[in-house]
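Protein chains in written order, with my numbering: chain L, 24 to 369; chain E, 24 to 369. The beta carbon of each residue, even a glycine, is placed where N, CA and C say it ideally should be.
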DNA sequence: TTGCCTATAGCAAACGTTTCCAGTTAAGAG
DNA sequence: CTCTTAACTGGAAACGTTTGCTATAGGCAA
């Protein structure tokens, strides 16, 4: 009968360890470790012998034990503000790709837009002893922030967030430039009643976009209407209800800017309700090139930024940090891309 | 001057360990461990004392050490075939949510549709000693498959894949039913030249959809045209080139089915090239309710399955497996949802 | 020949937990 | 009053690696 072959005296269920490799190769544990990890103090003969035995036994090093001993987990934590936003999928993907290329794995945790969850996520990553954390924070003024950004003894990269006084790298998009370009375009086309729906200004993108927005008006020496701004929520519900209100205003807005995925959803629903078509009765610009737009709505004007580049850059910054370099801020450019939806309305 | 306070005699850079908690509370290491892990053999007084000291010192257990000792990592590996498919984002998200709710973290690795990458990914997860693996395989006949599915000493859940003779759970969608419904609908509307573009049949969804497709013709006692099927690639390029060919056939197809994200992309581009509008000159059905369709293309008829439910179910199956239950297969229903795009063409 | 250096190998102590086992105390039973 | 038992507590050995230190051997210069 084909017995549960346990040649080496151990149960077949046990995974093979460095100890068994050492025994079979008749060398010391330390030699196996060195031979396999590429340590210089190993003779060619020893290395070959150990590698052969390791292959033969199908030895796969225990990363948990390696981590405990060496203090390095080769794992990066990615805290994402709200994974509902499809941009994050793209970003996380390119980031993971770059990290894996460098021998790191990524643990992705989602805060669902909630500060308490975010705090728990940071704690989890600290307990897991990740080598670095990439974070898209829910807000820049959470009470846990100091602890979470200063506490961990690992490099941190913030995505599109500005937190003063912490020693973290950051990837910031230059939203202001793109928005400035977009709004200037609208003003030149004769628009005056330009509405703007976006999330609250406790995060950098909102503030930065606002800067570009107001500066465009200033540069054109045109007075803007503060009551056309709905600054307060990134979710579709907020955008929907505020878009409804804005559309009932008189004079009605002739153009409308959507800050992010939720705003895009909400506004497009509100427009449909009132039977308004983007690019005809009203000009529309999305302040983010959301990935799904490429597919079916290739007529939507956007302020574009290269999301995959942001992910890659975040990965590079965290790797730099791990190698001991000083934190730094990396600026990503944005650009207004004119398509059909920003026509009309005038 | 505010010196680098090192009250406990250790460098401030060192993380606090169970040892320091034990010292400060003047109890044994083992008592601290038991008190914090909820072990029953601990007096109330001891538990309080330990917890107070732990809080005071800001002790955060080292999950790496816990894992090494206990053999449990509370980590699930998620091998995804190709994260380009936006459905996976949704699926992974709901899965991660369910896992985190149960105290598990998820490591997501992407195979980019490549068998070698997939093999490396499995190896990585084994070395990380994950407690379970959820996998969407590149193909069902990769040479590494036996090793990767039988090798790891942990439960496995396959997503929409059938691999005979391995002891794994699976979440399978009942594509056949939805496709049967969709094709029957088209046949009743008078369509005869129904084209079908999808990935190769070395994965279950293709084979299963094909079953539903042919059975619908059989049940209607109508002969189908095999030359209207393009079975071979999930990527947009494949779909584009084959859709072009199909559209030049004579008689031209009056309806076209897209199997998955890539097919949808490719076909819609081909239609645009020929200036054909879905629901007018040609009927169109997407064999997957892709998340972005809800947003702008709410007129696309689809065969729907609840992607988030699939993610949740995968999480539950893996947790079951960890608790020692036998692997099992869970079937998810699909359903034809008629919208405007499946009109016309006749 | 002697001494020193280099290259390599082995031993054993970590890393931070959990858990088995044995010991202590106090309470309850006889 | 003694014995048994229950309820805890402490000590120490794991878990599977890496790594500092020591030992050995051979080569080479003096």
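For residue 117 (chain L), the first and last residue of its enclosing alpha helix (DSSP H): 109-124
Contacts of residue 106 (chain L) in chain E (Cβ-Cβ under 7 angstroms): 116
Give every residue of the same chain whose Cβ lies closer than 7 angstroms to the Cβ of residue 136 (chain E), excluding the five residues on either side of it in the sequence, and list them in chain order. 104, 105, 161
Starting from residue 195 (chain E), follow its DSSP beta bridges and name the residues at the other end. E:354
Can at least three beta-carbon pairs, one atom from the segment 236-251 of chain L and one from the segment 198-209 of chain L, be found at a separation below 8 angstroms? yes
Determine the burial state of residue 62 (chain E): buried for a count of at least 16 other Cβ atoms within 10 Å of its Cβ, exposed for fewer. exposed
Report the CB separation of residue 58 (chain E) from residue 47 (chain E) in whole angstroms; it is logged as a contact under 8 angstroms. The pair is not a contact, with the Cβ atoms about 13 angstroms apart (cut-off 8 angstroms).
Contact criterion: CB-CB distance below 8 angstroms. Does residue 35 (chain E) meet it with respect to chain L? Caution applies to residue 35 (chain E), whose pLDDT of 41 falls short of 50 and renders its modelled position unreliable; the value that the coordinates give is listed next. Not an interface residue.
Over the uninterrupted beta strand (DSSP E) stretch that includes residue 106 (chain L), give me the two end residues. It is not in any beta strand (DSSP E) - residue 106 (chain L) carries neither H nor E in the DSSP assignment.
Return no unless some Cβ of chain E is closer than 8 angstroms to the Cβ of residue 96 (chain L). yes
When DSSP labels each residue in this structure, what does residue 290 (chain E) get in the three-state scheme? helix
So, do the segment 137-144 of chain L and the segment 342-357 of chain L have three or more beta carbon pairs nearer to each other than 8 angstroms? no
Residue 200 (chain E) vs residue 356 (chain E) beta-carbon contact at 8 angstroms: yes
Which stretch, first to last residue, makes up the beta strand (DSSP E) that contains residue 243 (chain L)? Unbroken run through residue 243 (chain L): none, as it is neither H nor E.
Classify residue 232 (chain L) as buried or exposed, calling it buried when 16 or more other Cβ atoms lie within 10 Å of its own Cβ. buried
Look up residue 268 (chain E) in the DSSP assignment and give the residues it is bridged to. Per DSSP, none; premise fails for residue 268 (chain E).
Are the CB atoms of residue 253 (chain L) and residue 271 (chain L) nearer to each other than 8 angstroms? no
Which residues, in order along the segment 234-263 of chain L, keep a beta-carbon less than 8 angstroms from a beta-carbon of chain E? none
Which residues mark the beginning and the end of the alpha helix (DSSP H) in which residue 330 (chain L) is found? 330-345
With 16 other Cβ atoms within 10 Å as the buried cut-off, status of residue 335 (chain E): buried
If contact means a Cβ-Cβ distance below 9 angstroms, which residues of the segment 38-57 of chain E contact chain L? 38
For residue 182 (chain E), list the residues DSSP reports as bridge partners. E:194
Contact under 8 angstroms by Cβ, residue 132 (chain L) with residue 100 (chain L): yes
Going by DSSP, name the residue or residues bridged to residue 327 (chain L). L:358
In this structure, how does DSSP classify residue 100 (chain E) when only helix, strand and coil are distinguished? strand
For residue 301 (chain E), which residues in chain L fall below 8 angstroms Cβ to Cβ? The premise fails here: residue 301 (chain E) is roughly 10 angstroms from chain L at the closest Cβ pair, so nothing lies under 8 angstroms.
Would residue 191 (chain E) pass as a contact of residue 181 (chain E) if the rule is Cβ separation under 8 angstroms? yes
Boundaries of the beta strand (DSSP E) in which residue 129 (chain L) is found, first to last residue: 128-133
Among E:293, E:274, E:273, E:170, which has the Cα closest to the Cα of residue 281 (chain E)? E:293
Assess contact between the segment 211-226 of chain L and the segment 243-258 of chain L, defined as three or more Cβ pairs (one per stretch) separated by less than 8 angstroms. Is contact present? yes
With residue 184 (chain E) and residue 227 (chain E) assumed to form a contact (beta carbons below 8 angstroms), what rounded beta-carbon distance in angstroms separates them? 5 angstroms
Quick one: measure Cβ to Cβ for residue 91 (chain L) and residue 86 (chain E), integer angstroms, because I've assumed they're closer than 8 angstroms. The pair is not a contact, with the Cβ atoms about 10 angstroms apart (cut-off 8 angstroms).
Measuring alpha carbon to alpha carbon, tell me which of L:276, L:79, L:301, L:64 ends up nearest residue 287 (chain L). L:301
What residues in its chain sit with their C-beta under 6 angstroms from that of residue 55 (chain L), if we drop five residues either side in the sequence? 41, 44, 45, 73
My output table needs one value for residue 161 (chain E): the three-state DSSP class, helix, strand or coil. coil
Residue range of the unbroken alpha helix (DSSP H) whose run includes residue 80 (chain E): 67-80
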